[in-house]
Each structure stands twice: as structure tokens, then as C-alpha cells.
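Engineer: Chains as they are written, first to last, in the working numbering: chain R, 1 to 331; chain E, 1 to 264; chain D, 1 to 264. Think of the CB as a built atom: it goes at the ideal place given N, C-alpha and C, for glycine as much as any other residue. Starting off with a structure, shown below.
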Amino acid sequence: MDKNIIDVKNLSKSFNISSKEPGIKGTIKHFFKRQTKSIKVIKDISFEVKEGEIVGFLGANGAGKTTILKMLCGLIYPSQGSISVSGYLPFRRKENFLKNITLIMGQKQQLIWDLPPIESFYLNASIYDLDNFEAKKRIKKLSDMLEIGEELFIPVRKLSLGQRMKSELLAALIHEPNILFLDEPTLGLDINAQRNLRKFLQKYNKETNATICLTSHYMKDITSLCKRVICVHNGSISYDGKLDLLLKKLSPVKEILIVCSSDEDANQLENSGFNVKNKTKNEITIIIDNNSITSSLKTILNNFDIEDLYINEPPIDEIIGKILIKKDYDI
Amino acid sequence: MKTRKYLKVYRKFLHTSLASELEYKTNILIDLITAILSLIGSIFLLSIFFQNNNSIGGWEFEQALIIQSIYTILNGITNTWFNPNLTEIVKHIREGTLDFVLLKPIDSQFFISLKKLTPSGILEIMLGFFLLLYCIKINQINLTLSFLILCLITIICSICILYSLWFFISTTTIWFVKTWNATEVLRSFLYIGRFPLNSFSFTLRIFFSVFVPIAFITTIPSEVFLGLSEIWKILLEVIVAMVFLFTSRRFWLFALRFYSSASS
Amino acid sequence: MISKLINNKIFTLLKVQYSNMLEYRVEIALWAISGIIPFFMLNIWTNNNLNESINISNIMLSRYFLCAFFVRQFSVVWVVFSFEEDTLMGKVSPYLIQPLNPFFRYFAQHLAEQITRLPFALIIIFFFFIFNRESIWIPSLGILLLSTISTFFSFLIQFLIQSIIACLCFWTEKASSIERLLFIPTLFLSGLLAPVVSFPEYVKSWIYFTPFPYLIDFPANLLSGNATNISGGLSMQILWILLLFPLFRKIWSSGTKKYTAMGS
């Protein structure tokens with residue numbers, strides 16, 4: 001269980017970007033003397049992933065999540081540092097390595113547009129050296145898990161986005177890879193389809209003990225799937241650890257809305273030393289530190305006549321949103 | 001083991017692309033009519049050239065027809081394999097799905113140059129083949145085994161050169177996404193292949209044998225059919241074909257290195 | 001009032017499309033190069049002295065093919081390919097909402113592309129004159145004006161024909177194959193590969209009733225100073241435009257009706 005399946009050490013990647021002045025003069029100048037700038041998009045990152053883990057990569061657009069993912073599956077050649085994925089150097093793209101991994105990109109499709117998905121599955125099966133019998137067995141198993149059936153026999157162009165995504169997943173998983181790389185897998189799907197996809201990934205992870213690395217903009221994907229998150233900011237890792245811990249660190253307080261039975265009680269409560277956010281008549285909102293929440297609530301319940309009480313967890317989306325926009329924070 | 005896998009995958013390619021093309025049946029018919037009209041048109045043009053002359057560049061009308069038939073066969077091959085796959089590569093790169101191809105445990109050049117097939121081109125190949133048979137009859141060519149083997153070798157070499165030219169252009173899509181216009185340039189050059197090389201002026205002849213080896217593609221096989229070709233020309237074509245295949249392969253691998261170190 | 005409004009719109013569209021086309025100057029340059037087939041044809045004609053039989057001197061023939069190249073450059077139409085792509089990608093629906101026929105947009109695109117193309121065509125012509133100094137000539141202002149008009153008419157005829165084909169996209173998914181079919185007679189009969197005077201009698205007897213010779217042959221003859229019936233040619237061009245325009249209007253209106261009824 002505790003074996004490291006992905007091992008990244010001091011990984012850096014810089015891209016050469018040619019800069020060109022606008023206009024014809026700039027074009028001519030560019031033609032004779034190419035001016036290139038080297039931009040470091042990934043700066044000296046290191047991390048490990050254990051077998052069977054689900055890791056979420058968080059970060060704003062352009063933070064470098066996709067670049068990391070693509071380096072892990074061998075599509076981008078690293079500039080410095082070392083990567084090992086299940087014992088292989090990814091960028092060599094050795095056959096046995098490729099048979100071990102899969103990449104799923106939301107809204108990028110590999111299925112043949114004019115044909116039913118089943119045709120693409122058998123094509124992929126032959127590419128991955130599976131015989132027809134084995135392919136049939138796997139298609140049956142995966143389509144049961146994904147809850148698709150007759151859609152497999154309808155041309156892809158006539159499928160809905162959700163059905164198409166399920167078929168894409170099936171095509172990407174037919175060789176039973178034990179490492180899954182997902183880049184924005186839920187992009188453009190509706191809430192229902194998103195939920196189904198997450199449910200499936202969870203089930204797949206449980207049943208096959210496959211390792212899953214995913215990036216997503218939907219916080220729900222991360223919070224419901226990943227116990228561990230890696231936050232990427234400007235090409236560096238700003239946080240790597242448990243999701244709960246991250247949330248606790250980022251939001252050390254809770255909001256509590258108390259409905260008192262009378263206005264006097266509310267007034268009394270307002271003046272008893274709590275951090276009051278706002279108050280209207282008999283309703284009062286106070287902010288309590290996570291550490292003292294139980295003791296504070298006990299005192300309130302004992303001393304005041306309370307009609308109702310709501311504990312507002314600050315929405316996770318908002319917190320993670322904060323990570324994405326905040327430029328300089330340290331955890 | 002390896003070849004068996006590739007054969008199996010190719011069978012699947014055939015199956016899937018035929019099935020997708022059959023979704024547009026009228027298209028196949030229209031393409032066939034286009035191929036027939038195009039052949040009639042070029043024979044018409046040839047007949048204009050020959051209406052007051054007996055020979056052009058030393059080729060008589062019946063002999064020039066052989067070039068037409070070989071051109072039609074090669075054009076059919078281009079339309080069956082090279083052109084649809086080039087379209088597919090452009091799509092792969094524009095939509096970023098080349099990544100899927102590169103992550104498959106199969107040779108990417110194999111995948112990318114043989115995935116698609118347009119069946120109407122096969123009809124064009126047959127059309128060219130019938131014309132070739134007719135030409136063999138009217139030119140009273142004796143078919144012997146060694147002769148046929150020689151013809152086959154030169155035609156295969158032509159196909160290899162043609163494939164490499166198309167694949168070169170396909171590869172450049174990795175840098176410039178819009179290669180359509182470059183293929184138009186190549187197409188207009190290939191158009192020259194309908195006529196005997198000797199009918200052009202000396203400078204053009206040099207250009208079309210050294211820079212863009214169109215000359216090798218149709219003229220040499222036709223000369224072989226007429227028994228006019230010298231052995232050194234055939235050898236030269238084999239060498240040129242091998243050099244082209246080799247460089248197109250190297251160029252593709254180089255482009256892939258570039259792709260994987262520069263794309264984001 | 002209405003025509004003023006449309007003119008204004010076209011002018012704005014033209015400006016936008018021109019700056020858009022400038023972005024594609026490399027592609028357009030390549031496209032200009034791909035139009036050099038007439039020069040290859042000229043090479044065959046003069047190199048084999050084929051022109052002696054049709055009583056056209058070398059110089060006049062080279063001027064003819066040069067003009068054919070030039071006319072072709074400014075009458076290339078690709079609206080069907082753009083329109084097909086736009087329908088497939090679902091871009092047509094927003095165009096339909098706008099109070100302007102989408103074909104005006106394509107029309108402006110074509111004009112803008114021609115303006116971008118002009119310098120490249122001039123460079124190619126410059127090189128042609130370097131190699132063929134004796135064929136340099138300066139047409140009179142009146143001829144220049146008339147041939148510009150007839151080139152524009154040729155462009156209009158082709159634009160209308162292709163727009164009609166493009167409207168077939170509302171019925172079949174791939175209208176471009178019909179265009180490819182129609183391109184074959186255009187290629188062989190328009191005079192791009194051989195002047196229409198050189199055609200055999202059995203073709204010449206009916207070809208002047210088709211639009212083809214007015215696409216390249218007539219404007220090219222006019223510009224190069226070869227013998228041609230100026231008023232007859234121009235009136236035939238206008239006749240074809242008057243014939244095709246209502247046809248386009250009709251097919252467009254029934255096409256959009258079908259499109260909106262389908263609700264896709």
C-alpha cells in the first residue's frame with residue numbers, strides 16, 4: 001500500500017517563447033533574428049504519490065497544473081529534475097509504461113465522431129493488444145460501472161455531452177491502467193453528470209486501487225474525491241497535504257446565527273463579549289473560533305433562552321477560491 | 001508478434017473509416033463522378049496538345065496516356081490515404097488530441113498516416129488501372145514477369161515518394177497549424193505529373209527532378225512500362241524513395257521532440 | 001437609403017476582414033503560389049511549339065497565360081468551404097439573427113483576401129517579366145478598366161454559383177464535394193490550362209453558351225490584347241449574373257426556412 005508510484009524530484013520546466021513586435025517591421029526583424037525568452041513555468045517542485053491515492057491539483061489558470069500532468073504522462077519533456085512513474089521515465093513513452101497509464105481531458109475527445117462508441121473501443125482494444133473476448137468482458141464490466149448501455153451503439157455525434165464523457169472514459173480505461181491522469185474531466189458537464197463521474201471515479205479507485213491525479217476547476221470534484229491536494233501557484237507547490245487540514249487552516253472560524261426568544265435576550269447576548277457580526281431584532285450572528293466552538297456554544301445554551309441556532313460552515317468553494325486568487329499567502 | 005498486432009490494428013482502421021464514410025453515401029458517388037470527369041478533362045487537354053502534333057517531348061498520344069493512367073492511380077492513392085489523414089492530423093493538432101495518439105502504445109507515424117481511408121479514392125485507383133490496362137493493349141506491351149516486377153517496384157517507389165511529400169507537410173502542422181495552403185502548393189506542383197517531363201523546358205525539368213521530385217513519381221514508371229527506362233534511372237528512383245522515407249521519418253520524430261518540449 | 005445602409009455595412013465589414021486577412025498573409029502568399037499552373041501550361045505550349053497551329057505568337061500566348069493567372073488570382077472563391085465549416089461548428093445560427101445576409105460577410109472576406117493577395121500576385125508577375133522580358137506590355141487605361149470589371153464579374157459569377165452550392169449545406173452535410181465536382185469543368189473549360197480558341201470545334205460550338213469561358217478566358221483575352229468580342233463577353237457575364245442571382249435568393253430563402261424548421 002505504501003509504495004510510491006509517482007516520484008517527482010526538483011522538477012522544472014521552462015518554455016522558450018519567441019517574442020515579436022507588432023507590424024511588418026517587427027515581422028521582418030523577427031524573421032532575421034528570433035528573440036526568444038525563456039519562461040520558467042514549473043519551478044523546482046518535488047512530491048510523491050502513493051499507490052491508490054487520489055490527488056487533486058489546485059491552482060488558477062496558467063499556474064502550471066496541466067504542464068505537471070502532461071510531464072507525468074510523458075507528453076512534455078522536463079527541463080530539469082527527475083520524474084519516475086511506476087518505475088518508468090515518462091518521456092520515453094515505453095510501451096509498457098503507456099499500457100499502465102491513461103489521460104482523460106475534458107472536452108477533448110478521441111472517439112470517432114461518426115461511429116458508435118463501441119467501434120472506438122474495439123479499435124483501442126486492438127491497439128492495447130487485447131483480444132476480442134477480453135475486450136468484450138472489459139466493455140461489459142466498465143459499461144455496468146458507468147451505467148451506460150444502448151448509448152454504445154449510437155453514433156457519437158448524436159450523444160449528449162454526459163453520455164459522450166462516459167464513453168470517453170470507457171475508451172480511456174479499456175486497458176485497465178493503474179494510473180489515471182484527468183485534466184478538467186467535468187468541464188462543461190451538468191451537475192448530475194458531474195456527480196455520476198465522481199461516483200464512478202471513487203468506485204473505480206476502490207475496486208482497482210488505481211492511482212488518480214486530477215485537476216479541476218470545480219471545487220466539488222476536489223472536495224468529494226481527494227483526501228490530498230497539491231496547490232500549484234505560479235509554478236511552485238504552495239501546499240501539499242490533507243484537504244481537511246488545508247480547510248481548517250484557511251478558515252479557522254465559524255459563523256453562528258442565533259435566534260433568541262426575545263429582544264432583551266439578544267441585547268444581553270450582544271454585550272456578553274462575543275465577536276458579533278450583525279444583529280437584527282432577536283437574530284444575532286456571532287463568529288467563533290473553531291477551537292472554542294463547543295465551550296462557547298455550551299455557555300450560550302446555558303445562559304440564554306434560544307429559539308433556534310444555525311451553524312454556518314463557510315462554503316468550501318469560497319475558501320478554495322481564495323487560494324486561487326490570493327497571490328501571496330503561506331500555509 | 002509486432003506485425004500481427006499492426007495488421008490487426010490496420011484491419012480495425014479499415015473497418016472504422018469505411019463505416020464512417022458509409023454514413024455519407026452520396027458523397028462517395030459524387031467523388032466518383034468527380035474522378036471520372038477529372039480523367040476525361042485531362043485526356044481532353046492532352047488531345048488539344050496533340051491535335052496538330054504527333055509527339056510532345058518525344059511522347060506520342062498513346063504513350064502519354066500511360067502517364068495519365070499512372071497519375072490517376074497515384075492521385076487515387078493520395079485521395080484514399082494521404083489526403084484524409086492529413087486532414088485528420090490538422091484536426092488532431094488544432095484540437096489538441098494529438099496527445100491521445102502519443103499516449104497509445106503504438107507507433108505514432110503508423111497511427112497518424114493510416115487511420116483514415118476514403119473509399120471513393122479506391123474507385124479512382126481502379127479507374128486508373130483500367131486505363132493502364134487499355135494503354136498496355138494499345139501500346140502492344142508484352143507482359144513478362146520480370147517486367148511486371150520492375151513496374152511494381154517503380155510504382156511502389158513513387159508511392160513512397162508521394163507519401164513522404166505529404167507526410168512532410170503533415171508534420172509541419174506541428175509548427176504551423178494551417179497547412180492547407182501548403183498542400184495546395186504541393187497539389188499544383190503534382191499537377192505537372194500528368195505530363196511527360198520532357199515536354200517542359202530544361203530549367204523546369206531540373207526543378208521537378210531535383211527540388212520537387214515529381215519527375216520520379218510518374219515519368220519513370222511510365223518509361224518502365226514502355227521499356228524505355230534505363231536501369232540507372234530505376235536504381236536512382238529506389239534510392240530517392242528510400243532517402244525520402246527515411247528523412248520523413250526523422251523529420252516526424254524531430255517534430256515530436258519539438259512538440260513535447262514546447263506545447264503547453 | 002437602404003442601399004446606403006448596406007454600403008456602409010459592407011465598408012465596415014471590409015475593413016474588419018482586411019485586418020483579419022492580414023493575419024493570414026503567409027497562407028495567402030502560399031495560395032498565390034499555388035495558382036501558378038498556367039505558367040507550367042505556358043511552358044508546355046511554347047516548349048513544344050504547340051501555339052503555331054492556333055496562330056498565336058509566343059509573346060501573345062505568354063501574355064494570355066499571365067493574364068489567366070492574374071484573373072484566376074482575383075476570382076478564386078472558397079465560400080462553400082467557409083460556409084460548410086461554419087454550419088458544422090454551429091456558427092451560422094448567430095449569423096442568421098443579424099440583420100444582414102451572412103453571404104455579405106463572406107463576400108467582404110473574399111474582397112479583403114483579394115486586396116491582401118494583390119502584392120503577392122504582383123511579385124509573381126514581376127518575376128515572370130524578369131524571365132520573359134519580351135512579353136512586357138502596358139495595356140491602355142480603358143482596357144485595364146474593362147478587364148478589371150470583367151474580372152470582378154467573373155468573381156461574381158463564381159461567388160454566386162458557389163453560394164448556391166453552399167446553400168445545399170442546409171440539405172446535405174457535405175456540400176463541398178459538389179463544389180469539387182463542379183471545379184473540374186471550371187478547371188478544364190475556363191481557359192486556365194489552354195485558351196478556348198485552341199479547343200476543338202465540337203467543344204467550341206457549345207462552350208460559349210456555358211458560363212465557363214467567361215470566367216478566365218474572356219477577361220484574360222481582354223487584358224492581354226488577344227482577339228475577343230468585348231461587348232458580347234461582357235453582356236454574357238451580366239446575363240449569367242442576372243440569371244444566378246435570383247436563383248441564389250430563392251435557394252437561400254428556402255434553405256433558411258428548412259434550417260429554422262429543423263431547429264438545429
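Thinking residue 211 of chain R and residue 183 of chain R are a contact (beta carbons under 8 Å), I'd like their distance in whole angstroms, please.
Structural biologist: If you number the first sequence from 1, residue 211 of chain R lands on position 211. If you number the first sequence from 1, residue 183 of chain R lands on position 183. About 15 Å separates the two Cβ atoms, so there is no contact after all.
Engineer: Inspect the beta-carbon positions of residue 61 of chain E and residue 44 of chain E and report whether they are closer than 8 Å.
Structural biologist: Numbered from 1 along the second sequence, position 61 holds the residue referred to as residue 61 of chain E. Numbered from 1 along the second sequence, position 44 holds the residue referred to as residue 44 of chain E. Going by C-beta atoms, residue 61 of chain E is not nearer than 8 Å to residue 44 of chain E.
Engineer: Any idea if residue 207 of chain R is buried or exposed, counting beta-carbon neighbours within 10 angstroms, 16 or more meaning buried?
Structural biologist: Mapped onto the first sequence, residue 207 of chain R falls at position 207. Exposed, by the Cβ-count rule.
Engineer: Mind checking which residues open and close the alpha helix (DSSP H) that includes residue 47 of chain D?
Structural biologist: The residue you call residue 47 of chain D lines up with position 47 of the third sequence. Its alpha helix (DSSP H) spans residues 37-47.
Engineer: Does the beta carbon of residue 264 of chain E come closer than 8 Å to any beta carbon on chain R?
Structural biologist: By one-based count along the second sequence, residue 264 of chain E stands at place 264. At residue 264 of chain E the pLDDT is 44, less than 50, meaning the model places this residue with poor confidence and gives no usable figure here.
Engineer: So, for residue 42 of chain E: in the same chain, excluding its five sequence neighbours on each side, which residues have a beta-carbon less than 7 Å away from its beta-carbon?
Structural biologist: Taking the first residue of the second sequence as position 1, residue 42 of chain E is located at position 42. So the list reads 68 and 194, once near-sequence residues are dropped.
Engineer: Output needed for residue 217 of chain E: all residues of its chain with C-beta closer than 7 Å, excluding positions within five of it in sequence on either side, in chain order.
Structural biologist: Locating residue 217 of chain E in the second sequence gives position 217, counting from the first residue. Excluding residues within five positions, the ones whose Cβ falls inside 7 Å are 74, 158, 161, 162 and 193.
Engineer: If you follow the alpha helix (DSSP H) that residue 162 of chain R is in, where does it begin and where does it stop?
Structural biologist: Your numbering for residue 162 of chain R matches position 162 in the first sequence. Here the alpha helix (DSSP H) through residue 162 of chain R covers 161-173.
Engineer: Sorted by chain position, which residues of the same chain lie with C-beta nearer than 7 Å to residue 264 of chain D's C-beta, five sequence neighbours on each side aside?
Structural biologist: Counting from one through the third sequence, the residue named residue 264 of chain D turns up at place 264. Because residue 264 of chain D sits at a pLDDT of 44, beneath the cut-off of 50, its placement in the model cannot be relied upon, and the following sentence gives the value as read from the coordinates. Excluding positions up to five away in sequence, the list is empty.
Engineer: State the DSSP-derived secondary structure class of residue 239 of chain R, mapped to helix, strand or coil.
Structural biologist: The sequence position of residue 239 of chain R within the first sequence is 239, counting from 1. Of the three classes helix, strand and coil, the one that applies to residue 239 of chain R here is strand, per DSSP.
Engineer: Might you give, ordered along the chain, the residues of its own chain that have their beta carbon closer than 8 Å to the beta carbon of residue 13 of chain E, omitting 5 neighbours on each side?
Structural biologist: As a position in the second sequence, residue 13 of chain E is number 13, starting the count at 1. Correct list, in chain order: 114, 115, 116 and 117.
Engineer: Tell me whether residue 242 of chain E, by its Cβ, gets closer than 7 Å to a heavy atom of the ligand GTP.
Structural biologist: Here there are no bound small molecules, and the ligand GTP is not part of this structure.
Engineer: What does DSSP give as the partner residues of residue 59 of chain E in its beta bridges?
Structural biologist: Counted from its first residue, the second sequence places residue 59 of chain E at position 59. DSSP output for residue 59 of chain E lists E/56 as bridge partner(s).
Engineer: Considering only their Cβ atoms, is the gap separating residue 170 of chain R from residue 201 of chain R smaller than 8 Å?
Structural biologist: Counted from its first residue, the first sequence places residue 201 of chain R at position 201. Counted from its first residue, the first sequence places residue 170 of chain R at position 170. Going by C-beta atoms, residue 201 of chain R is not nearer than 8 Å to residue 170 of chain R.
Engineer: So, does the CB of residue 126 of chain R fall closer than 8 Å to a CB anywhere in chain E?
Structural biologist: The sequence position of residue 126 of chain R within the first sequence is 126, counting from 1. Yes, contact with chain E.
Engineer: If residue 263 of chain R sits next to residue 281 of chain R, beta carbons under 8 Å apart, how far is it from one beta carbon to the other, in whole angstroms?
Structural biologist: On the first sequence, residue 263 of chain R is found 263 positions in, with the first residue counted as 1. On the first sequence, residue 281 of chain R is found 281 positions in, with the first residue counted as 1. Yes, they are in contact, since the Cβ atoms of residue 263 of chain R and residue 281 of chain R sit about 6 Å apart, within 8 Å.
Engineer: Starting from residue 98 of chain D, trace the alpha helix (DSSP H) both ways and give me its first and last residue.
Structural biologist: Working through the third sequence from its first residue, we reach residue 98 of chain D at position 98. No alpha helix (DSSP H) contains residue 98 of chain D, which DSSP labels as neither H nor E.
Engineer: Give the interface partners of residue 44 of chain E over in chain D, defined as CB-CB distance under 7 Å, in chain order.
Structural biologist: Within the second sequence, the letter at position 44 stands for residue 44 of chain E. Within 7 Å Cβ-Cβ: 188.
Engineer: So, helix, strand or coil for residue 80 of chain R, using DSSP?
Structural biologist: Locating residue 80 of chain R in the first sequence gives position 80, counting from the first residue. Strand.
Engineer: My guess is that residue 88 of chain D and residue 61 of chain D are in contact by the Cβ rule of under 8 Å, so how many angstroms apart are they, rounded?
Structural biologist: For the purposes of this step, residue 88 of chain D is taken as residue 88 along the third sequence, with counting starting at 1. For the purposes of this step, residue 61 of chain D is taken as residue 61 along the third sequence, with counting starting at 1. Between residue 61 of chain D and residue 88 of chain D the Cβ distance is about 43 Å, and since that is not below 8 Å, they are no contact.
Engineer: Measure how close the beta-carbons of residue 176 of chain D and residue 103 of chain D come, nearest whole angstrom, since I'm counting them as under 8 Å.
Structural biologist: Locating residue 176 of chain D in the third sequence gives position 176, counting from the first residue. Locating residue 103 of chain D in the third sequence gives position 103, counting from the first residue. Not quite, the Cβ-Cβ distance comes to about 16 Å (not below 8 Å), so this is no contact.
Engineer: Under 8 Å, Cβ to Cβ, is there at least one residue of chain E near residue 110 of chain R?
Structural biologist: Counting from one through the first sequence, the residue named residue 110 of chain R turns up at place 110. Output row for residue 110 of chain R: interface = yes.
Engineer: In this structure, what does DSSP give as the bridge partners for residue 88 of chain R?
Structural biologist: As a first step, residue 88 of chain R must be located in the first sequence, where it is residue number 88. BP columns for residue 88 of chain R point to R/85.
Engineer: Using CA coordinates, which residue listed in E/156, E/142 and E/107 is at the minimum distance from residue 2 of chain E?
Structural biologist: Translated into the one-based positions of the second sequence, residue 2 of chain E becomes position 2. When each option's Cα is compared against that of residue 2 of chain E, the closest is E/107.
Engineer: Going by alpha carbons, who is nearest to residue 135 of chain D out of D/243, D/28, D/237 and D/224?
Structural biologist: For this step, residue 135 of chain D is matched to residue 135 along the third sequence. Checking every option, the nearest Cα to that of residue 135 of chain D belongs to D/224.
Engineer: Residue 231 of chain R to residue 242 of chain R, Cα distance in whole Å?
Structural biologist: Walking along the first sequence from the start, residue 231 of chain R turns up at place 231. Walking along the first sequence from the start, residue 242 of chain R turns up at place 242. C-alpha separation (whole angstroms): 11 Å.
Engineer: Strictly by DSSP, which residues pair up with residue 255 of chain R?
Structural biologist: The residue labelled residue 255 of chain R in the question sits at position 255 within the first sequence. For residue 255 of chain R, which the question treats as bridged, DSSP gives the partners R/287 and R/312.
Engineer: Among D/131, D/15, D/174 and D/150, which has the Cα closest to the Cα of residue 82 of chain D?
Structural biologist: The residue labelled residue 82 of chain D in the question sits at position 82 within the third sequence. Checking every option, the nearest Cα to that of residue 82 of chain D belongs to D/174.
Engineer: Quick check on residue 71 of chain D: buried or exposed, where buried means 16 or more other Cβ atoms within 10 Å of its Cβ?
Structural biologist: Counting from one through the third sequence, the residue named residue 71 of chain D turns up at place 71. Buried, since its Cβ has 16 or more Cβ neighbours within 10 Å.
Engineer: Taking only beta-carbon atoms, is residue 12 of chain R less than 8 Å away from chain E?
Structural biologist: Within the first sequence, the letter at position 12 stands for residue 12 of chain R. No, residue 12 of chain R does not count as interfacial toward chain E.
Engineer: Check whether the Cβ atoms of residue 255 of chain R and residue 312 of chain R sit closer than 8 Å, and answer yes or no.
Structural biologist: Working through the first sequence from its first residue, we reach residue 255 of chain R at position 255. Working through the first sequence from its first residue, we reach residue 312 of chain R at position 312. Going by C-beta atoms, residue 255 of chain R is nearer than 8 Å to residue 312 of chain R.
Engineer: For the stretch 99-179 of chain D, list the alpha helix (DSSP H) runs that are entirely contained and at least 4 residues long, ordered along the chain.
Structural biologist: Runs of the alpha helix (DSSP H) inside the stretch 99-179 of chain D: 102-131 and 141-167.
Engineer: Candidates E/257, E/255 and E/213: which alpha carbon is nearest residue 243 of chain E's?
Structural biologist: By 1-based counting over the second sequence, the position of residue 243 of chain E is 243. Minimum Cα distance to residue 243 of chain E is reached at E/213.
Engineer: Using DSSP with H/G/I as helix, E/B as strand and the rest coil, what is residue 44 of chain R?
Structural biologist: Position 44 of the first sequence, counted from the start, is the residue given in the question as residue 44 of chain R. In this structure, residue 44 of chain R counts as strand in the three-state DSSP scheme.
Engineer: Just mark residue 330 of chain R as buried or exposed, buried being the case when its beta carbon has 16 or more other beta carbons within 10 Å.
Structural biologist: In the first sequence, the residue the question calls residue 330 of chain R occupies position 330. For residue 330 of chain R, the pLDDT reaches just 49, beneath the cut-off of 50, and the residue's location in the model is therefore unreliable, although a value from the coordinates is still provided. Answer is exposed; the Cβ neighbour count stays below 16.
Engineer: Flag this pair as yes or no: are the beta carbons of residue 191 of chain R and residue 125 of chain R separated by less than 8 Å?
Structural biologist: Here residue 191 of chain R is taken as the residue at index 191 of the first sequence, counted from 1. Here residue 125 of chain R is taken as the residue at index 125 of the first sequence, counted from 1. Their beta carbons are not under 8 Å apart, which means residue 191 of chain R does not touch residue 125 of chain R by this criterion.
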